[in-house]
Amino acid sequence: MSASVLVPSDDRSLPDVIDQSKENFREWFDNRTDVEPYVNENSDHPVVKDFIITNSGLCGDSSVDILIYFHSSWKNTERRRLLRETWASKSVFQNISIKTIFILGKPPDEKSQFAIDLENVVHRDIIQGDFIDSFKNLTLKSAMAIHWINSYCLQARYIIKADDDIFVNIFKIVEDFIPLLSYRNHTVLCHFHRAGASTIVRNPKSKWYIPLNVFEGEDHFPQFCSGYVAIFTGDLIPLLYESSFRAPVIPVDDVYMFGLLPYEQQFMEFIDIRQNLTLNKNLGLKQYGGSEPLTYVGANAWDIGNMEKFWALTLNKLTPWGKRRAAISVLRDNMGPRSL
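If you're matching positions, the sequence shown starts at 876 in my numbering and goes up one per residue.
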């Protein structure tokens, strides 16, 4: 099932009932039911094997309101730095607990591995699997992420999955989109693709090849999410993890995570927020630099300097709610470039 929503950022255009509930924002997190991990005592996981770096104590026994995780290439050190200093910082809010992890594979040489080890010593936020870090292994990163969360951070109430070149307006996510999830279970907000809209590639020579025994008899994918930004309830993790013991690995990680894993039992509810996402960097920066209310909560920030631009513009356009909840002094001190 799916629904569609366009949430503006102008407080005056939102229903009064939502405005009132923002004063009790802790209820969005504290009222959610605890989730039990999925445990398979009969077999090892068919895909997830050894971790090179685990950081199993990152969440520990503490409460976690939002867990943010990124599929990040081993060489994207600068992108990870920017994310830690901008929207994915654990210090964004005064009274909302955020944890951030980066999912990596193995680099091609020992020198690069040493650099990753050093980065992890400083930040303690890298989860590294024992497989080659490559485009074709993105699906292994998806499987590893849900395995890690199920094992070590299942107390996370909400989870944000994003690519490491995407800017997310974390203030708008919490203020306007978390409330949409707060009374739902097994739900994801994302750029939604309806069933039958995307053709399955059956050509064995293609890097997108899907064997005939996967989605057998179908020419098109089932419903799924684009994975560049997805926000979902933490109770999806045990269900996804359980399905991952049966599901084959396919080379389309978005379809694997949000299409194949929930395919048999249809346990995932979708809310389409494509209107609030853009991969057009110029369109996103134009809106953030203009005077109109913000509707984009996720945007392409691939070009050098764009992550800082989006972040500075975001801090200058916080709503009254955002200003009350944000740790502004910490955020400004953490920023790199302070001018556009």
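Idealized CB from N, CA, C, for every residue including glycine.
Note that this is a predicted model, so its numbers are computed, not measured.
Check, Outcome
"Reduced DSSP secondary structure (H/G/I, E/B, other) of residue 996", "helix"
"Environment of residue 1151 [buried if 16+ CB atoms lie within 10 Å]", "buried"
"Distance, residue 1189 Cα to residue 1087 Cα", "46 Å"
"Beta-carbon spacing of residue 933, residue 1034 below 7 Å", "no"
"Contacting residues, own chain, Cβ-Cβ under 6 Å from residue 1105 (five flanking each side not counted)", "1036, 1063 and 1065"
"Those residues which DSSP pairs with residue 1109 across a bridge", "Paired residue(s): none; residue 1109 is not in a bridge."
"Element boundaries [beta strand (DSSP E), containing residue 1220]", "Residue 1220 is absent from the structure shown; the chain starts at 876 and stops at 1215."
"Rounded distance between the beta-carbons of residue 1145 and residue 1067, thought under 8 Å", "5 Å"
"Proximal residues to residue 1120 (C-beta, below 8 Å), its chain only, five neighbours per side dropped", "915, 918, 920 and 921"
"Under the three-state DSSP convention, the category residue 1160 falls into", "helix"
"Meets three-Cβ-pair contact criterion under 8 Å: the stretch 1126-1136 and the stretch 1157-1167", "no"
"Alpha-carbon spacing of residue 968 relative to residue 1200, whole angstroms", "6 Å"
"Whole-number beta carbon distance between residue 926 and residue 1291, since they are thought to touch under 8 Å", "Summary: the structure shown does not reach residue 1291, with the chain confined to residues 876 through 1215, and so no result is reported for it."
"Where residue 1095 falls, given that 16 or more other Cβ within 10 Å makes a residue buried", "exposed"
"Enclosing alpha helix (DSSP H) for residue 904 [first to last residue]", "902-905"
"Residue 964 to residue 1091 span [Cα, whole Å]", "43 Å"
"Separation of residue 1100 from residue 946, as counted between CA atoms", "15 Å"
"Nearest-angstrom Cα separation, counted from residue 1171 out to residue 1059", "23 Å"
"Cβ distance (whole Å) where residue 1182 is taken to contact residue 989 below 8 Å", "With a Cβ gap of about 26 Å, residue 1182 and residue 989 do not count as contacting."
"Strand pairing of residue 1175, partner residues [DSSP]", "1041"
"Interface flag, residue 964 vs chain B, CB-CB below 7 Å", "This model lacks chain B altogether; it includes just one protein chain."
"Per DSSP, the bridge partner or partners of residue 1074", "1095"
"Inter-stretch contact at 8 Å, needing at least 3 Cβ pairs: the stretch 1017-1034 / the stretch 1103-1117", "yes"
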